[in-house]
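Every position in the sequence shown, counted from 1, becomes a number in this note's numbering once 264 is added. Note that CB positions come from ideal geometry on N, CA and C, so glycine has one too. So the structure is just underneath, and the comments pick up after that.
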Amino acid sequence: MKKKVLSIFLVMALVLTMLTGCGGGSSTPSESSSGDSENTLTVWAWDKAFNIYAMEEAEKIYQADHPEFDLEISEVSWNDVQTKLGTIVGSGQYDQLPDILLMQDFAYQKYVITYPDLFLDLTDSGVDYSQFAAGKVSASVVDGKNYGVPFDNGTGIAAYRTDILEQAGYTIEDLTDIDWNRFIEIGKDVYAKTGYSLMSVQAASSDIIYQMLQSAGVSTWNEDGSVNFTDNEVLKQCIEIYKEMADANVMQIVNSWDEYIATFTSGKACGTLNGCWIMASIQTAEDTAGKWAITNYPSLPGVAGATNYTNQGGSTWAVTQNCKNVDLAIDFLNSTFAGSTELYDTILPGAGALATWLPASESDVYAEPQEFYGGQQVYTLLSDYSSKVPAVNLGVYYTEANTALYTLLANVVAGADIDSELQTAKETVEFKMQ
265 MKKKVLSIFL VMALVLTMLT GCGGGSSTPS ESSSGDSENT LTVWAWDKAF
315 NIYAMEEAEK IYQADHPEFD LEISEVSWND VQTKLGTIVG SGQYDQLPDI
365 LLMQDFAYQK YVITYPDLFL DLTDSGVDYS QFAAGKVSAS VVDGKNYGVP
415 FDNGTGIAAY RTDILEQAGY TIEDLTDIDW NRFIEIGKDV YAKTGYSLMS
465 VQAASSDIIY QMLQSAGVST WNEDGSVNFT DNEVLKQCIE IYKEMADANV
515 MQIVNSWDEY IATFTSGKAC GTLNGCWIMA SIQTAEDTAG KWAITNYPSL
565 PGVAGATNYT NQGGSTWAVT QNCKNVDLAI DFLNSTFAGS TELYDTILPG
615 AGALATWLPA SESDVYAEPQ EFYGGQQVYT LLSDYSSKVP AVNLGVYYTE
665 ANTALYTLLA NVVAGADIDS ELQTAKETVE FKMQ
């Protein structure tokens with residue numbers, strides 16, 4: 265009887281182990297086959313059509329020279345990544361971590377600083393960070409050390425319907441290399457002549473403010489990590505521009521993401537300013553193919569160091585301190601995401617994944633004209649933009665600052681005083697930091 269009970273217990277334990285897997289939780293493994301443990305890496309990422317697709321293509325490329333290599337990829341949403349990391353660190357069960365995981369850029373520094381035993385320092389790993397866009401690299405740098413391998417590109421673009429601009433007497437060249445004063449001037453004229461705004465934003469977002477700030481290399485944080493709101497004249501200028509655009513119908517403010525997309529795919533905005541990943545949404549309006557063009561971002565007038573280049577969003581690969589084969593993980597990432605033109609040639613048309621690894625822009629694939637954008641070589645253009653984005657400190661408490669700022673923007677548009685709102689926003693963030 266005792267032997268029978270013991271056998272049942274062992275079978276149940278084996279089944280439980282098979283169900284939970286290396287990463288645990290409810291993540292969904294990809295269809296990668298299981299190789300031998302010395303040549304296998306585990307990965308967490310979200311979005312099968314984008315990030316996981318890119319990782320699977322990287323696996324194939326690495327396998328060409330390392331046929332025994334294997335990835336075990338689990339699909340884990342960004343929300344679940346955050347939950348899992350908190351649980352694992354809180355319990356001290358670091359063996360539940362994968363070898364490699366994907367991190368949102370805006371959260372990277374917070375996790376490195378808050379959980380110093382989480383990610384490996386890759387500064388001396390052999391990854392050539394000079395071959396990535398500086399503005400992208402900075403997201404995963406803490407105290408001068410590199411903690412990640414950059415992946416997708418969030419380079420800021422200004423995309424416009426050229427047919428609507430033409431109705432008002434403008435071309436894409438008229439909106440290239442301009443500042444926000446000129447943007448507003450053109451926007452007022454376009455609205456008066458066509459009824460279209462030049463752009464739109466979501467109400468519950470301050471992304472446009474962060475884009476403006478990064479274009480000038482300005483942060484919402486001081487060097488000591490304190491909140492840089494009330495004495496930040498550039499931030500105040502950005503808020504003034506935001507209100508002026510809203511008041512003059514140069515910019516529409518809508519409530520939801522779906523409404524935002526609809527403004528420029530079927531509504532009354534003739535353009536959008538966002539990370540280049542927004543192109544996938546632009547291209548859903550198939551009836552407007554050939555009527556779009558892309559150019560760079562307006563610069564902040566009168567600000568030293570202001571440029572026409574910025575960034576919005578993106579993610580980076582991390583190697584965890586739990587990694588069982590650090591040399592293999594680093595060589596894999598260095599040979600693919602930090603070293604393979606073939607990879608980026610594959611995932612650009614396959615998923616629209618634009619590289620921040622600069623040598624990729626020299627590929628013939630990147631130079632192909634895109635008929636949707638009137639024959640522009642948009643990917644070559646965006647790679648050039650990416651190389652010019654100023655680096656900026658997004659801060660450990662980026663999410664808290666972002667929330668405080670979009671509350672501020674709503675109040676300012678409704679008529680509140682900017683200085684008093686900045687003071688309130690500062691106090692709100694400082695409270696949350698405690």
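| Asked | Found |
| --- | --- |
| So what does DSSP say about Q698, is it helix, strand or coil? | coil |
| For T634, does the three-state DSSP call read helix, strand or coil? | Contrary to the premise, residue 634 reads as Gln rather than Thr in this sequence. Of the three classes helix, strand and coil, the one that applies to Q634 here is strand, per DSSP. |
| Give, in chain order, every unbroken run of the alpha helix (DSSP H) that is at least 4 residues long and sits entirely within the stretch 409-470. | 426-431 and 444-458 |
| Any chance the stretch 479-488 sits against the stretch 583-592, with 3 or more Cβ pairs inside 8 Å? | no |
| Let me confirm a value: S479 is counted as buried when at least 16 other C-beta atoms fall within 10 Å, else exposed. Which label applies? | buried |
| Quick check on DSSP: helix, strand or coil for Q687? | helix |
| Please name the residue, chosen from T620, V353 and A617, that lies closest to F383 on a Cα-to-Cα basis. | V353 |
| Does the stretch 416-436 come close enough to the stretch 545-564 to have 3 or more Cβ pairs within less than 8 Å? | yes |
| How long is the line joining the alpha carbons of G285 and T306, rounded to whole angstroms? | The pLDDT assigned to G285 is 36, lower than 50, so where the model puts this residue is not dependable, and the model offers no usable value. |
| Judging by CA-CA distance, which residue of D683, T667, Q698 and L597 is the nearest neighbour of Q466? | T667 |
| Are the CB atoms of T663 and P414 nearer to each other than 7 Å? | no |
| For Y379, I'd like the list of residues in its chain whose CB is within less than 8 Å of its CB, leaving aside the five on either flank, ordered along the chain. | L349 and V353 |
| Assuming T699 and L646 form a contact by the criterion Cβ under 8 Å, report the distance between their Cβ atoms to the nearest whole angstrom. | Nothing in the structure corresponds to residue 699, since the chain is present only between 265 and 698. |
| At which residues does the beta strand (DSSP E) containing N538 begin and terminate? | G535 to G539 |
| Rounded to the nearest angstrom, what separates L515 and M509 at their Cα positions? | The question names Leu, but residue 515 is Met in the sequence shown. Cα to Cα, M515 sits roughly 5 Å from M509. |
| Unbroken beta strand (DSSP E) runs of length 3 or more, entirely within the stretch 508-596: which are they? | 515-518, 535-539, 556-559 and 579-583 |
| Hey, how far is the Cα of G356 from the Cα of I503? | 43 Å |
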